[in-house]
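This report refers to the structure that appears directly beneath it.
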Amino acid sequence: MDKIKIILAGPRGKMGTEALKMIEAASHFELAAAVDSKNDGVQVKDLQGAPVSMEAPVYDDLERCIQSVEADVLVDLTRPDIGKKHLEIALNHGLRTVIGTTGFSNEDLERLTELAQEKNTGAIIAPNFAIGAILMMKFSQMAAKYLPDIEIIEKHHDQKLDAPSGTALKTAQLITEVREEKRQGHPDENEDLQGARGAELQGIRIHSVRLPGLVAHQEVMFGGEGQLLTIRHDSMNRASFMPGVKMAVESVMNVEGLVYGLENIME
Ligand SMILES: NC(=O)C1=CN([C@@H]2O[C@H](COP(=O)(O)OP(=O)(O)OC[C@H]3O[C@@H](n4cnc5c(N)ncnc54)[C@H](O)[C@@H]3O)[C@@H](O)[C@H]2O)C=CC1
Ligand SMILES: O=C(O)C1=N[C@H](C(=O)O)C[C@H](O)C1
Numbered sequence: 010m011d012k013i014k015i016i017l018a019g020p021r022g023k024m025g026t027e028a029l030k031m032i033e034a035a036s037h038f039e040l041a042a043a044v045d046s047k048n049d050g051v052q053v054k055d056l057q058g059a060p061v062s063m064e065a066p067v068y069d070d071l072e073r074c075i076q077s078v079e080a081d082v083l084v085d086l087t088r089p090d091i092g093k094k095h096l097e098i099a100l101n102h103g104l105r106t107v108i109g110t111t112g113f114s115n116e117d118l119e120r121l122t123e124l125a126q127e128k129n130t131g132a133i134i135a136p137n138f139a140i141g142a143i144l145m146m147k148f149s150q151m152a153a154k155y156l157p158d159i160e161i162i163e164k165h166h167d168q169k170l171d172a173p174s175g176t177a178l179k180t181a182q183l184i185t186e187v188r189e190e191k192r193q194g195h196p197d198e199n200e201d202l203q204g205a206r207g208a209e210l211q212g213i214r215i216h217s218v219r220l221p222g223l224v225a226h227q228e229v230m231f232g233g234e235g236q237l238l239t240i241r242h243d244s245m246n247r248a249s250f251m252p253g254v255k256m257a258v259e260s261v262m263n264v265e266g267l268v269y270g271l272e273n274i275m276e
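For what it's worth, my numbering labels the leading residue of the sequence shown as 10, then goes sequentially.
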């Protein structure tokens, strides 16, 4: 079997450095190049935190990288504004893409779904690669059918740029597929301090906590008469995401159009 040749965007980041280790350890993956915001022309092995044996060039521009190296898949682990641009560039070049970067709006998803169709190219946007988090979202969708009063509390490290998290948005979206829109709380409820009740998506409340010491955590709370159900997932480190990144890279080789969420490719 030919190796899957990967361009990794964001190789110096918390996720990127972990992804480099995963690529190096997978015998059927090969790093074709990396795209960084700087370090154009250096070798990946010379980046801080990179495996010392990784011989692949660094580019500071994705377009030029795609034109210069032979690759099968782009993996993007950068930042919201860059991830969107990168997916657009990759699709325009017909390059299959796995996006772990979060911060995509519904409008972004609609536009990029159309572009993937138009360019006849497969792509996966995975708001969360951790298998346990996918299960947490699926279990929450199941529970929402029976307990429709729901509050999502997501907790992340204080370097996170987007709020709410991609996982919280995806969880809420999955729940809206099975739950009628519903106003929660008292009909006369008033927010005496703006934001006290969190963000709102079709009546579901979403609260974002940002603190040093946290990695990535989410609780979905369901309230019923005389009972509470809490479904919770914790990622303690970035290694927790890597089996999902690996699965996404393998799967994107056979995907048509844009797939939003790893649950769509898990058996
Ligand atoms: N889908 C998932 O399971 C997960 C997704 N994430 C998301 O992945 C993204 C990255 O997260 P972290 O690694 O924690 O962030 P980070 O801040 O540690 O890393 C981001 C990296 O992107 C680089 N970057 C910025 N502009 C760039 C450009 N133009 N080209 C190439 N690289 C560029 C930065 O230099 C930095 O090294 C975030 O959007 C985060 O929300 C994070 C963890 C899990
Ligand atoms: O920024 C992070 O760290 C994470 N981002 C993703 C999200 O926004 O849901 C996935 C995970 O929660 C970690």
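From the three backbone atoms N, C-alpha and C, an ideal C-beta is built for every residue, glycine too.
So what does DSSP say about residue i, is it helix, strand or coil?
i	result
ALA59	coil
LEU8	Nothing can be reported for residue 8, as the shown portion of the chain is limited to 10 through 276.
ALA18	strand
MET10	coil
PRO89	helix
ARG73	helix
LYS94	helix
ARG192	coil
ALA42	strand
LEU238	strand
GLN150	helix
In its own chain, which residues sit with a C-beta less than 8 Å from the C-beta of residue i, not counting the 5 before and 5 after it?
i	result
LEU56	PRO20, ARG21, ALA43, ASP45, ASN48, VAL67
ALA98	Note on residue identity: the sequence assigns Ile, not Ala, to residue 98. Here the set comprises LEU71, GLU72, ILE75.
HIS226	GLU163, LYS164, HIS165, ARG241, HIS242, ASP243, SER244
PRO252	PHE138, ILE140
MET262	ILE13, ASP81, VAL82, ARG105, GLY131
ASP69	VAL44, ASP45, SER46, LYS47, ASN48, ASP49
For residue i, is the beta carbon positioned less than 7 Å from some heavy atom of ligand 1?
i	result
ASN137	yes
ARG73	no
LEU202	no
ASP171	yes
Taking the alpha-carbon of residue i as reference, which of the options has the nearest alpha-carbon?
i	options	result
GLU127	LEU267, GLU272, MET275	LEU267
GLN211	ASP158, LEU271, LEU121, LYS30	ASP158
ASP171	THR111, ARG247, PHE138	THR111
ILE13	GLY25, ILE32, GLU27, MET24	ILE32
VAL218	GLU200, VAL254, ALA177, PRO196	ALA177
ALA142	GLY109, THR130, ALA59, PHE250	PHE250
GLY235	GLY58, SER174, GLU265, LEU156	LEU156
LYS93	LEU40, GLY109, ASN199, GLU79	GLY109
PHE38	LYS191, MET63, ILE161	MET63
LEU223	ALA208, HIS216, ASN246	ASN246
ARG88	PRO136, VAL51, LYS54	PRO136
ARG120	MET256, SER149, TYR269, ILE274	TYR269
My understanding is that residue i touches residue j, with C-beta atoms under 8 Å, so please give their C-beta distance in whole angstroms.
i	j	result
LEU100	LEU124	5 Å
PHE138	VAL254	5 Å
ILE133	VAL229	Not confirmed; about 23 Å, so no contact.
THR185	SER149	The Cβ separation is near 11 Å, so there is no contact.
For residue i, which residues in the same chain have their Cβ closer than 6 Å to its Cβ, ignoring the five residues on either side in sequence?
i	result
HIS95	ALA18, LEU71, ASP85
THR122	LEU267
ASN129	none
ALA59	LEU29, VAL53
LYS23	ARG247
Closer than 7 Å by C-beta to residue i: which residues in its own chain qualify, once you throw out the five before and the five after it? Chain order, please.
i	result
GLY25	LEU17, GLY19, LEU86
GLU272	ILE143, MET146, LYS147
Should residue i be counted as a contact of ligand 2 given a C-beta to heavy atom distance under 7 Å?
i	result
LYS93	no
HIS166	yes
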